[in-house]
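S.K.: Protein chains in written order, with the working numbering: chain A, 79 to 735; chain B, 1090 to 1294.
#1: Which runs of the beta strand (DSSP E) at least 3 residues long sit entirely within the segment 318-405 of chain A? Give them in chain order.
#2: Return helix, strand or coil for residue 711 of chain A, following the three-state DSSP convention.
#3: Quick check: the segment 620-628 of chain A against the segment 509-526 of chain A, are there 3 or more CB pairs under 8 Å?
#4: How would you call residue 1278 of chain B, buried or exposed, if buried means at least 16 neighbouring beta carbons within 10 angstroms?
#5: Specify the secondary structure class of residue 241 of chain A as computed by DSSP and reduced to three states.
#6: Go ahead and pull the three-state DSSP assignment for residue 642 of chain A.
#7: When the cut-off is 9 Å and only beta carbons count, does residue 1277 of chain B lie next to chain A?
#8: Take residue 260 of chain A and list the residues in its own chain whose beta-carbon comes closer than 7 Å to its own, dropping the five residues that flank it on each side.
#9: From this set, A/287, A/543, A/660, A/669, which residue's C-alpha is nearest residue 149 of chain A's C-alpha?
#10: Under 9 Å between the Cβ atoms of residue 608 of chain A and residue 652 of chain A?
#11: Drop a sphere of 10 angstroms on the beta-carbon of residue 244 of chain A, count the other beta-carbons inside from all chains shown, and report buried for 16 or more, exposed for fewer.
#12: Within the chosen definition, does the segment 173-181 of chain A reach the segment 124-139 of chain A through at least 3 CB pairs nearer than 8 Å?
#13: Taking C-alpha atoms, which residue in A/548, A/173, A/273 lies nearest to residue 161 of chain A?
#14: Check the Cβ of residue 308 of chain A against every Cβ in chain B and list those closer than 9 Å, keeping chain order.
#15: Using a Cβ cut-off of 9 Å (strictly closer), state whether residue 1217 of chain B contacts chain A.
#16: Report, in whole angstroms, the separation of the C-beta atoms of residue 442 of chain A and residue 369 of chain A, which I expect to be a contact under 8 Å.
#17: Against chain A, with Cβ distances strictly below 9 Å, would residue 1112 of chain B count as a contact?
#18: Measure the alpha-carbon distance for residue 1204 of chain B versus residue 1232 of chain B and round it to whole angstroms.
#19: Quick check: is the beta carbon of residue 744 of chain A nearer than 9 Å to any beta carbon in chain B?
#20: Does residue 477 of chain A come out as helix, strand or coil in the three-state DSSP assignment?
#21: Report the option in A/493, A/155, A/474, A/249 whose CA atom is closest to the CA atom of residue 682 of chain A.
#22: Under 8 Å: do the segment 1115-1129 of chain B and the segment 1261-1279 of chain B share three or more Cβ pairs, one atom per stretch?
#23: Let me check understanding here. Comparing Cα to Cα, which of B/1197, B/1238, B/1245 lies closest to residue 1280 of chain B?
#24: Tell me, please, whether the CB atom of residue 1140 of chain B is closer than 9 Å to any CB atom in chain A?
#25: Below 9 Å on C-beta distance, what does residue 1159 of chain B contact in chain A?
#26: Quick one: what's got a C-beta closer than 7 Å to residue 1154 of chain B's C-beta in the same chain, skipping five residues either side?
#27: Hey, out of A/304, A/188, A/268, A/251, whose CA is closest to residue 292 of chain A's CA?
#28: Am I right that residue 1223 of chain B and residue 1132 of chain B are in contact with their C-beta atoms under 8 Å? What's the rounded C-beta distance?
#29: Cβ closer than 7 Å: which chain A residues qualify as neighbours of residue 1220 of chain B?
#30: Please decide whether residue 1150 of chain B counts as near chain A, where near means a Cβ-Cβ distance under 9 Å.
#31: Indicate the three-state DSSP secondary structure (helix, strand or coil) for residue 550 of chain A in the structure shown.
#32: Residue 1117 of chain B versus chain A: which residues are under 7 Å apart at the beta carbon?
#33: Whose Cβ in chain B lies nearer than 8 Å to the Cβ of residue 319 of chain A?
#34: Between the segment 1194-1214 of chain B and chain A, which residues of the former have CB atoms less than 8 Å from a CB of the latter, in chain order?
#35: Please classify residue 202 of chain A as buried or exposed, where buried requires at least 16 neighbouring CB atoms within 10 angstroms.
#36: Check for me: the beta strand (DSSP E) holding residue 635 of chain A runs from which residue to which?
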């Protein structure tokens, strides 16, 4: 795709003024819904990712509540076994692919350019394309409830041969495969885009080892995405061809090996775990230093342990398959690698604790979430290490112990961390603070609800309650802890509702409060050196970076005894956000049009091939129109004010793409 | 302070040296994309290697391979890499007519390869190797089919470049665009070298 957009990227103003092939000019920036639909601004795209992710959090949450209601008491008939299968599958798919990954993408989109001192990402239109394709994939997957005869019913990992037509005759799995393929395109494009942004568009002096840890974590995440997604793409294509064209990839009776799916899925699936957790680690690595008033302990250890996780994450996938008969040597090798990968993670936990040690701690809501993330992730990590012992894992496989483990990692590690990030960056993104008192209530209710929900699952699992069963008989000792877990899940629901209430209430109250200013938390990274909310052009002047935590050292000097002295107030050193005439990339509708074409191809493959023709033509046509649209509208988004010429400073590739 | 209009004009030039790495954004993106493609083809090649002897009692791909024919079409594809280099070199020197011709030749060689693949698939099918015959055949057609689609998309890109040159919209200033398409084209060729060696030339068992 990167290719097609380039041919008409002509230099010089004269050539772009003519309209090749009569395509429309780039839309002008403005207000209202058109502005959002055509926006290529990384901040708006980040916000849209966040809002859409929260919507799917509610969808996946409702599915979770249905599961927990069904399991609250033994022998309940709220959901039939078939519907139950669909609900837990779609709960997993929604939470992984439609909530936490896009929520992390929201942070990545919003923060990476700000933290490295850039005006936008490398390819603003591709960025918009990623968002629109992702959301079209998300809607597509969920549309199977209405037009596909129900959701997918094979678990989020969709093991064959359960995923074949024989055992899953509705269209749910087709929607799963096609939807994830579509969403995968989005993540792949986004990963490439953000990697190029970080590698190519850093501010002067911002060497790789001066980048905030958050940016580093997000960079490693994007590399993992870029290399993990092609593998799941292969797996999904094979599954799809089996289902649509009767190929023989997963049919054991034809001599195929169902383990192929498991290998392909988990070669993607285990890096996926780190794709989910590393952005949250990044948030924690920003929040804890800020509220400890200390630099992160062992910056380079933090970075290298993330890189180590990034590499080792590729060598542990088969620990998901210890009971599938992969042989003693494989089991032993993957046991060892699984134990080893705990080391870099342990380094991180130690470094966060050492950062807090001796610091001036301020327990804001963001800090509470960050500390809870460390604690809860440690619990999840420790139960994870118990799985590296293959004999123990054999006992625990497919029990609720596993469910407890990965929810501690993904919810306790991932979601709590990103929630903390929301409180931390909220004033920067929206220009008002979330109320701290209500925030702390949110935190405690959520933390208690989380532990009530998933803590008991350890016990249930060790008692032998198996995963993915739609009900259980009385008398096995499962009743009490299941009920506790259900109560916990509704407690989480209350916490989420309270968070949404806090958002709207704080917004209303903010009218009477002084604005938060550029740097309400006295923080350390570049995004706090510009006004809140971030002006459209990000930086008046691209800063020149001298050190890690450059912004902090513009405010404070630290002597040899680690005594911190203020040398300037925030108001003195922060940028004013009043630059005019900054050149910004022009908006475009074509990413949206491309994204509309893809689900049509998907529906076409399932229902009627003619729809594929329509979708294919729409997509291909939009791609060509994209390539042919003027690279920039010469009159868009930059006036002719002579007061600023900052966009010379090494980061003016923004107009590209 | 220079004027904002000057800045705006400079913006659209996308000077390579503006980036931290010295590699332009688009070229870096293409390199990254090709890196991810390695994993895609890696998965497909592994699948074939796992399944290549699983015939389910029916004919195997290795039974029907016509090595001399595929060698010839492989040679054609490799030669297209040479003409791609010649096209880039011509465009870089501003010899647009020659560049145009080499672009056309490159896409025609790609087209011959695709034609050969269509012929090959048809004759395999006649010899009893259908897509759904057995795991080996499914894996074979999927792998080579994915490669064929990649070549076809490359031809579309080459033809787009050709049209852009004809219309005068692509000049020696945009030689990098040709270079980036070339990167893709060479990558697809290299993948074929792997496929041809591992799938066709190394005998089963």
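Backbone N, C-alpha and C fix where the C-beta goes; we use that ideal spot for every residue, glycine too.
M.R.: With the structure as the only source:
#1: The qualifying runs do not exist here; there are none.
#2: Here residue 711 of chain A refers to the residue found at position 633 of the first chain. At residue 711 of chain A, the pLDDT of 49 sits below 50, so the modelled position is not reliable; the number obtained from the coordinates is stated separately. Coil, per DSSP.
#3: no
#4: In the second chain, residue 1278 of chain B corresponds to position 189, counting from 1. Buried, by the Cβ-count rule.
#5: Your numbering for residue 241 of chain A matches position 163 in the first chain. Residue 241 of chain A: coil per DSSP, three-state reduction.
#6: For the purposes of this step, residue 642 of chain A is taken as the residue at position 564 of the first chain. If DSSP states are grouped into helix, strand and coil, residue 642 of chain A belongs with the strands.
#7: Here residue 1277 of chain B is taken as the residue at index 188 of the second chain, counted from 1. With 9 Å as the cut-off, residue 1277 of chain B does not count as an interface residue toward chain A.
#8: One-based indexing of the first chain puts residue 260 of chain A at position 182. Within the same chain, residue 260 of chain A has close Cβ partners 211, 214, 215, 218, 676, 677, 680.
#9: In the first chain, counting from the first residue as 1, residue 149 of chain A sits at position 71. Comparing Cα positions, the closest option is A/543.
#10: What you label residue 608 of chain A is simply residue 530 of the first chain in a count that begins at 1. What you label residue 652 of chain A is simply residue 574 of the first chain in a count that begins at 1. Yes, Cβ-Cβ distance for residue 608 of chain A and residue 652 of chain A is below 9 Å.
#11: Mapped onto the first chain, residue 244 of chain A falls at position 166. Residue 244 of chain A should be labelled exposed.
#12: yes
#13: By one-based count along the first chain, residue 161 of chain A stands at place 83. Out of A/548, A/173, A/273, A/548 has the C-alpha closest to the C-alpha of residue 161 of chain A.
#14: Position 230 of the first chain, counting from 1, holds the residue named residue 308 of chain A. Under the 9 Å cutoff, chain B gives 1125, 1126, 1127, 1128, 1129, 1130, 1131, 1132.
#15: Here residue 1217 of chain B refers to the residue found at position 128 of the second chain. So, not an interface residue.
#16: For this step, residue 442 of chain A is matched to residue 364 along the first chain. For this step, residue 369 of chain A is matched to residue 291 along the first chain. Contact flag correct, Cβ pair sits at about 6 Å.
#17: Along the second chain, read from residue 1 onward, the residue named residue 1112 of chain B stands at position 23. It does; some Cβ of chain A falls within 9 Å.
#18: For this step, residue 1204 of chain B is matched to residue 115 along the second chain. For this step, residue 1232 of chain B is matched to residue 143 along the second chain. Taking the straight line from one Cα to the other gives about 17 Å.
#19: Outside the displayed range of chain A (79 to 735) lies residue 744 of chain A, so it cannot be described from this structure.
#20: Against the first chain, residue 477 of chain A aligns to sequence position 399. Looking at residue 477 of chain A - three-state DSSP - the assignment turns out to be strand.
#21: As a position in the first chain, residue 682 of chain A is number 604, starting the count at 1. It is A/249.
#22: yes
#23: Taking the second chain and counting its residues from 1, one reaches residue 1280 of chain B at position 191. With distances taken between Cα atoms, residue 1280 of chain B lies closest to B/1238.
#24: For this step, residue 1140 of chain B is matched to residue 51 along the second chain. Yes, contact with chain A.
#25: Mapped onto the second chain, residue 1159 of chain B falls at position 70. Per Cβ cutoff of 9 Å: no residues; residue 1159 of chain B is ~22 Å from chain A at best.
#26: Against the second chain, residue 1154 of chain B aligns to sequence position 65. Cβ-Cβ distances below 7 Å link residue 1154 of chain B to 1289 in the same chain, with the five nearest sequence neighbours on each side left out; the list follows chain order.
#27: As a first step, residue 292 of chain A is located in the first chain; it is residue number 214 there, counting from the start. Taking only the C-alpha atoms, the option nearest residue 292 of chain A is A/188.
#28: The count along the second chain starts at 1 and reaches residue 1223 of chain B at position 134. The count along the second chain starts at 1 and reaches residue 1132 of chain B at position 43. With 8 Å as the limit, residue 1223 of chain B and residue 1132 of chain B do not qualify as a contact, their Cβ atoms being about 20 Å apart.
#29: Residue numbering aside, residue 1220 of chain B sits at position 131 when the second chain is read from its first letter. Within 7 Å Cβ-Cβ: 323, 325.
#30: By 1-based counting over the second chain, the position of residue 1150 of chain B is 61. So, not an interface residue.
#31: On the first chain, residue 550 of chain A is found 472 positions in, with the first residue counted as 1. Secondary structure at residue 550 of chain A: coil, using DSSP grouped into helix, strand and coil.
#32: For the purposes of this step, residue 1117 of chain B is identified with residue 28 of the second chain, where counting begins at 1. Within 7 Å Cβ-Cβ: 274, 277, 278.
#33: Along the first chain, read from residue 1 onward, the residue named residue 319 of chain A stands at position 241. 1227, 1231, listed in chain order.
#34: Correct list: empty, as no residue qualifies.
#35: Position 124 of the first chain, counted from the first residue, corresponds to residue 202 of chain A. The residue in question, residue 202 of chain A, is buried, as its Cβ has 16 or more Cβ neighbours within 10 Å.
#36: As a working note, residue 635 of chain A is residue 557 in the first chain. Run containing residue 635 of chain A: 634-636, per the beta strand (DSSP E) assignment.
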